[in-house]
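Enquirer:
2 protein chains.
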Amino acid sequence: MTTIGFETHDHHACVSDALAKAEARCAASDLRLTPVRRRVLELLLAEHRALGAYDILGHLSAEGLGTQPPVAYRALDFLVKAGFAHRIEALNAYIACAHLGADHTPAFLICRSCRSVAESDTAPSQGRLGDAARDAGFQIEHTVIEAQGLCPACQTGDAA
Amino acid sequence: MTTIGFETHDHHACVSDALAKAEARCAASDLRLTPVRRRVLELLLAEHRALGAYDILGHLSAEGLGTQPPVAYRALDFLVKAGFAHRIEALNAYIACAHLGADHTPAFLICRSCRSVAESDTAPSQGRLGDAARDAGFQIEHTVIEAQGLCPACQTGDAA
DNA sequence: TCGGGTATTGATATGTTATAACATCCGGTC
DNA sequence: GACCGGATGTTATAACATATCAATACCCGA
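Read top to bottom, the protein sequences are chains A and B.
For the first sequence, position 60 matches number 60 in this note's numbering, and the numbering has no gaps at all.
For this note's numbering, count along the second sequence from 1 and bump the result up by 160.
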């Protein structure tokens, strides 16, 4: 057990479920979950925290799966494009998708203390941002919504 | 005349207004708008586009105001902390605040083609993100909302 | 099974963004 | 004048990301 969205859950099941879904989706969509890609997804799933590309690369290189930056970035690009992972812009880091299989516009709650990340969902073109875009004639292709602050666990022990 | 929020306006007045407001705010709040800081703000105000720290540094160094990265980053940090500029996380770049003087949670419409940026405003803790945070017990300190796509001007001439 | 196209991987180098660390200067104050 | 704090100068390096080109694996149709 560990936390997801700052709540306890059966993490082992959560990881294997996600991997199974990813494999199913790859089979269905003619995508290849190669060893490096699969391992990177596992690494991201292992924590509900954002990992940098070089964190990932460190694990890969310890396991003999590759030592150069492009190895990590290619795998991460694949996972992000396939919807299996998201990039956290505010951290220049990556996290496994918590809603694997659903096409969605994610929003993130990012703890600045422990770097854990909860993935929430949003109504895409609703709200004031969508209104502003329509008014301006701006055509939205992708939206980044990231809130930073303190998760419940870090609010108690933590200093500013 | 050029564009702001993708609309034409009197840009000369817009720049001098913003500088005047920034000076007034510094005087009132015991902040120092030193030459480098003032010049960086001018550079950002000169365009309603995001500029990278090294773009800024290029201008500064051409003008004899400093050649090393910390010069640009210190000035940008000051401007962001003072609320005179915003950082665009999705671009690792900076832009002058379009609502100088108001305490606000900005949202951005970012054109991926011409890099122009419109600043809109948001209701901070309203909407699904605020709900999700309350449910989770997450304490939001700062929110990043950035939509990327095509501005009206770039929708016509532009390819994908 | 052969060839040809496409996706993936390997490898090298480099580009881009950002900060650490420490010295120095400058303006105000006691 | 001695001190203090903020700002700046300077050097070095950390952290993040991509371009490029060669080699290999995989699939598919002739």
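C-beta: ideal position from N, C-alpha, C; glycine also.
Computed from a prediction, not measured in an experiment: that's the story for all the values here.
#1: Just to make sure I have the definition right: I need the residues of chain B whose C-beta is within less than 9 angstroms of the C-beta of Pro152/A. Which are they?
#2: Between the beta-carbon of Leu129/A and the beta-carbon of Thr282/B, is there less than 8 angstroms?
#3: Whose CA, out of Thr34/A, Glu146/A, Glu47/A, lies closest to the CA of Pro106/A?
#4: Could you check how far apart the C-beta atoms of Leu91/A and Ile110/A are, in whole angstroms? I think they sit under 8 angstroms.
#5: At the 8 angstroms Cβ level, is Gly149/A part of the contact set with chain B, yes or no?
#6: Would you please verify whether the beta carbon of Gly127/A is less than 8 angstroms from any beta carbon of chain B?
#7: Would Phe6/A count as contacting chain B if we go by Cβ distances under 8 angstroms?
#8: From the DSSP secondary-structure annotation, give me the bridge partner or partners of Glu119/A.
#9: What first and last residue would you give for the alpha helix (DSSP H) that runs through Gly287/B?
#10: Name the DSSP bridge partner or partners of Ser255/B?
#11: Less than 8 angstroms between CB atoms is the rule here; does Ala188/B satisfy it with respect to chain A?
#12: Report, in whole angstroms, the separation of the C-beta atoms of Phe298/B and Gly149/A, which I expect to be a contact under 8 angstroms.
#13: So is Thr265/B in contact with chain A if we call contact Cβ pairs under 8 angstroms?
Expert: In this structure, then:
#1: At a C-beta separation below 9 angstroms, Pro152/A has these neighbours in chain B: Ala296, Gly297, Phe298, Gln299.
#2: Cβ atoms of Leu129/A and Thr282/B: closer than 8 angstroms.
#3: Nearest C-alpha to Pro106/A among Thr34/A, Glu146/A, Glu47/A: Glu146/A.
#4: Confirmed, Cβ separation roughly 7 angstroms.
#5: It does; some Cβ of chain B falls within 8 angstroms.
#6: Look at Gly127/A: its C-beta is under 8 angstroms from a C-beta on chain B.
#7: Taking Cβ atoms only, chain B reaches closer than 8 angstroms to Phe6/A, which makes this a yes.
#8: Glu119/A pairs with Phe108/A.
#9: Note, Gly287/B: alpha helix (DSSP H), 287-296.
#10: Correcting the residue identity first, residue 255/B is Ile in this sequence and not Ser. Answer is His246/B.
#11: It does not: the Cβ of Ala188/B has no partner Cβ on chain A nearer than 8 angstroms.
#12: Right, the Cβ-Cβ distance comes to about 6 angstroms (below 8 angstroms), so this counts as a contact.
#13: Cβ-Cβ to chain A under 8 angstroms: no for Thr265/B.
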